[in-house]
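**Q** 12 is the number of the first residue of the sequence shown in the numbering used here; add one for each residue after it.
Note that CB positions come from ideal geometry on N, CA and C, so glycine has one too.
Below is a structure I'd like to ask you about.
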Amino acid sequence: GIKKARLPKIGFILDTSDAFGFLDPSLVLCACHLIPAFAEGRTDSLLPCGLSVVRENGDLDDWTAYYVNIFADRDMYACFIGFGVGHDAQYD
Numbered sequence: 012g013i014k015k016a017r018l019p020k021i022g023f024i025l026d027t028s029d030a031f032g033f034l035d036p037s038l039v040l041c042a043c044h045l046i047p048a049f050a051e052g053r054t055d056s057l058l059p060c061g062l063s064v065v066r067e068n069g070d071l072d073d074w075t076a077y078y079v080n081i082f083a084d085r086d087m088y089a090c091f092i093g094f095g096v097g098h099d100a101q102y103d
């Protein structure tokens, strides 16, 4: 955590009948910036294998864990919505 100068880490839980139940919409995080924990490797055993909109074509596995970025500035935001900071395209 913060006291150890480490980013919070999250990962998938085992796929059981109780894993994906109802969530109160007011408790759902709308967006966050996740960074794959590359040293943890990849797995196909935590979520059902198969095609998904969140995976690139041909990928059947996911990163085992992710770091939660605790800082995102407007430059990072601009990059993710398709604008490069200082590029003329954002003013067209």
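L57 bridges to which residues according to DSSP?
**A** L57 is not bridged to any residue.
**Q** Helix, strand or coil for L34, going by three-state DSSP, please let me know.
**A** Note: L34 maps to coil in three-state DSSP.
**Q** With DSSP as the reference, label D86 as helix, strand or coil.
**A** In the structure shown, D86 sits in a helix (DSSP, three-state: H, G or I).
**Q** How many Å lie between L34 and C90 at the Cα?
**A** Cα to Cα, the separation comes out at about 30 Å.
**Q** Rank N80, I92, R85 and D86 by C-alpha distance to the C-alpha of L45 and give the top, closest one.
**A** Checking every option, the nearest Cα to that of L45 belongs to N80.
**Q** Taking DSSP as the reference, what is the three-state secondary structure of A76?
**A** Three-state result, A76: strand.
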